[in-house]
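The sequence shown finishes on residue 200 if you use this note's numbering, and the numbering steps up by one all the way, no holes.
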Amino acid sequence: MISIEYYNKSAEEFFEKNHNLNLTDTYNFAMEYIPELGEGGLSILDVGCGTGRDAVEFAKKNHNVIGFDGSYRMTEIAINQTKKYDNIKILNSTFEDFEPENVFDIIWAQCSLLHVKYDCLGEIFKKYGLWLRDDNSVFFISFKFGVMRHRVDGERKFTDLTADSLVSALKGTNLKLSGYKIVESNNQKFILGILKKEG
Ligand SMILES: C[S@@+](CC[C@H](N)C(=O)[O-])C[C@H]1O[C@@H](n2cnc3c(N)ncnc32)[C@H](O)[C@@H]1O
């Protein structure tokens, strides 16, 4: 898997650039849909958790976090960064292979599923949608905003999304798009989305 190999090689550089990013706006957006994110006590699955930045943020708020990442090197860094938190467990697995033992209040996929081919996203959403606990549970996703469904950037492959292409990818799943926001960071637009179980 080309993108995972990139992260194995570039994990330290990724850590330097991204581990201390200020994501207050993203967390605030998610909290509009799930106010308990600020209070603690939720079970959260961090999909493609990278170096564990968001897992630590959630653990500090007393949530229980399981994070997984397909890159063994990113996973090693995440384990190291999170080892002092009893309420975080980090695993090495791919998006396709991961199978949880429990359901979650929040599934959190921050700029991670953007490495899944557009044609395979529906299957991932279908499978992960079954891991949401109930109708109040939230599946947060972020992707680069755009119309390119297959973009190669160096050694990584990206799927960019618009709200329309996201809604199309959700067809045939138990998920609906409950809200979204387009944000800009470093001259790059991102789409943040909140998926919930279809009522
Ligand atoms: C842009 S990084 C985002 C990491 C983290 N969520 C963050 O916001 O810092 C994408 C992550 O997805 C992981 N990834 C890419 N393809 C994957 C796959 N097929 N299965 C699991 N993880 C994958 C990479 O190893 C990398 O850690």
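Beta carbons: idealized from backbone N, C-alpha and C, even for Gly. Only a predicted model underlies this, so the values are computations on that prediction, with no experimental measurement involved.
Any Cβ of chain D within less than 7 Å of the Cβ of residue i?
i: S186; result: No chain D appears in this structure, which consists of one protein chain only.
Report buried or exposed for residue i, applying the criterion of at least 16 other Cβ atoms within 10 angstroms of its Cβ.
i: D106; result: buried
i: D165; result: exposed
i: K198; result: buried
i: L133; result: buried
i: V148; result: exposed
i: H151; result: exposed
i: D47; result: buried
i: V66; result: buried
i: S113; result: buried
i: L115; result: buried
i: Y8; result: buried
i: I3; result: exposed
Suppose the cutoff is 6 Å on Cβ atoms and the five residues either side in sequence are ignored; what does the same chain contact list for residue i look like?
i: S138; result: D106
i: G71; result: I5, T95
i: F146; result: I183, K190, F191, I192
i: G130; result: T174, N175, L176
i: K62; result: G41
By how many angstroms is the C-alpha of residue j removed from the C-alpha of residue i?
i: L171; j: E102; result: 24 Å
i: M75; j: F144; result: 19 Å
i: T83; j: I89; result: 7 Å
i: G41; j: A60; result: 8 Å
i: Y34; j: I195; result: 8 Å
i: N187; j: H20; result: 16 Å
i: D136; j: L167; result: 20 Å
i: E37; j: L43; result: 8 Å
i: F69; j: I91; result: 6 Å
i: L30; j: G173; result: Looking at the sequence shown, residue 30 is not Leu but Phe. Computed Cα separation, rounded: 26 Å.
i: I78; j: V117; result: 22 Å
i: E100; j: G200; result: 24 Å
i: E58; j: V153; result: 31 Å
i: N93; j: A12; result: 14 Å
i: W109; j: E97; result: 16 Å
i: H64; j: L178; result: 24 Å
i: N23; j: A56; result: 14 Å
i: D10; j: N81; result: It should be noted that the sequence gives Lys, not Asp, for residue 10. Straight-line Cα distance between these residues: approximately 17 Å.
i: D87; j: E156; result: 35 Å
What does a CB cutoff of less than 8 Å around residue i pick up in its chain, not counting 5 residues either side in sequence?
i: T27; result: Q111, S143, V184, L193
i: Y181; result: A164, L167, I192, L193, G194, I195
Can you list, in chain order, the residues of its chain with a C-beta nearer than 7 Å to that of residue i? Leave out the 5 residues immediately preceding and following it.
i: F126; result: A170, L171, T174, L176
Taking 8 Å as the threshold, find out whether the region 9-18 comes into contact with the region 45-56 through three or more Cβ pairs. Result yes; three or more Cβ-Cβ pairs closer than 8 Å.
Within the chosen definition, does the region 106-124 reach the region 147-165 through at least 3 CB pairs nearer than 8 Å? Contact between the region 106-124 and the region 147-165 is present: three or more C-beta pairs spanning the two stretches fall below 8 Å.
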